[in-house]
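Student:
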Amino acid sequence: MPEPVGVEGISQEVLYLAPWSEWVPLAGTDVPQMPGVYLARRGGAGPLVYVGMAGERQGEGLRGRLRRYNSGKALASGLGEAAFDRALADPQWLRERLAEVESGQPRRATEWGKAALAWADLHVCWAVTVSGTAAKALERKVLALNATEWWNRAC
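Residue numbers (the working numbering): 15 to 169.
1) I'd like the span of the beta strand (DSSP E) that includes residue 66, first residue to last.
2) Give the secondary structure of residue 39 by DSSP, where H, G and I count as helix, E and B as strand, and everything else as coil.
3) Is residue 15 helix, strand or coil by DSSP?
4) Report buried or exposed for residue 153, applying the criterion of at least 16 other Cβ atoms within 10 angstroms of its Cβ.
5) Look at the alpha carbon of residue 145 and the alpha carbon of residue 69, and state the distance between them as a whole number of angstroms.
6) Whose C-beta lies closer than 6 Å to the C-beta of residue 150 among residues of the same chain, with five residues either side of it excluded?
7) Assuming residue 63 contacts residue 133 under a Cβ cut-off of 8 Å, what Cβ separation, rounded to an integer in Å, is found between them?
8) Would you call residue 141 buried or exposed, if buried means 16 or more other Cβ atoms sit within 10 Å of its Cβ?
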């Protein structure tokens with residue numbers, strides 16, 4: 015089997031599962047409107063923390079899923095929830111939110127979601143699949159490797 019084209023920070027086992035894009039910051043990411051799987055890591059060179067998938071999503075695929083996170087409207091699902099849960103466990107992040115409230119400048123929930131994602135400093139890469147079903151299968155294969163301490167709820 016030929017060596018896969020490497021994406022820095024991904025184990026060889028994960029690299030062999032699919033052709034992955036290069037890493038890019040989650041904020042402002044322009045990704046394909048296709049079904050697929052995305053990996054998230056903390057910072058430009060940090061550890062893998064999350065694997066997720068996107069089906070067809072009304073023709074939006076990966077782009078629609080990641081755009082939902084960037085909008086702050088995905089506080090109760092997937093990566094948005096995982097980042098928010100971890101931000102809520104950080105006393106400094108909570109002090110910053112409390113200071114906003116105490117200064118008379120409370121934010122809406124979506125703004126807190128965006129703040130949590132900014133706190134997490136997530137970078138993503140992705141692999142396009144032919145369907146949502148194929149994306150789900152690839153996501154399961156990556157999660158089964160247990161190569162990291164995933165933020166995913168199922169792990």
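We treat Cβ as the ideally placed atom computed from N, Cα and C, and that holds for glycine. Treat the numbers as computed from the prediction; the structure is a model and nothing was measured.
Tutor: Reading from the atomic positions:
1) Counted from its first residue, the sequence shown places residue 66 at position 52. Where residue 66 is concerned, the enclosing beta strand (DSSP E) stretches over 62-68.
2) Numbered from 1 along the sequence shown, position 25 holds the residue referred to as residue 39. Residue 39 falls in the strand class under three-state DSSP.
3) For the purposes of this step, residue 15 is identified with residue 1 of the sequence shown, where counting begins at 1. Model confidence at residue 15 stands at a pLDDT of 37, short of 50, so the residue's coordinates are unreliable and nothing is read from them.
4) Here residue 153 refers to the residue found at position 139 when the sequence shown is read from its first residue. That one is buried.
5) Numbered from 1 along the sequence shown, position 131 holds the residue referred to as residue 145. Numbered from 1 along the sequence shown, position 55 holds the residue referred to as residue 69. Approximately 6 Å, taken between the alpha carbons.
6) Taking the first residue of the sequence shown as 1, we reach residue 150 at position 136. Within the same chain, Cβ atoms closer than 6 Å to the Cβ of residue 150 are found at 67, the five residues on either side in sequence being excluded.
7) As a position in the sequence shown, residue 63 is number 49, starting the count at 1. As a position in the sequence shown, residue 133 is number 119, starting the count at 1. Their Cβ separation, rounded to whole angstroms, is 13 Å, which puts residue 63 and residue 133 out of contact at 8 Å.
8) Here the question's residue 141 lines up with position 127 in the sequence shown. Buried: at least 16 other Cβ atoms inside 10 Å.
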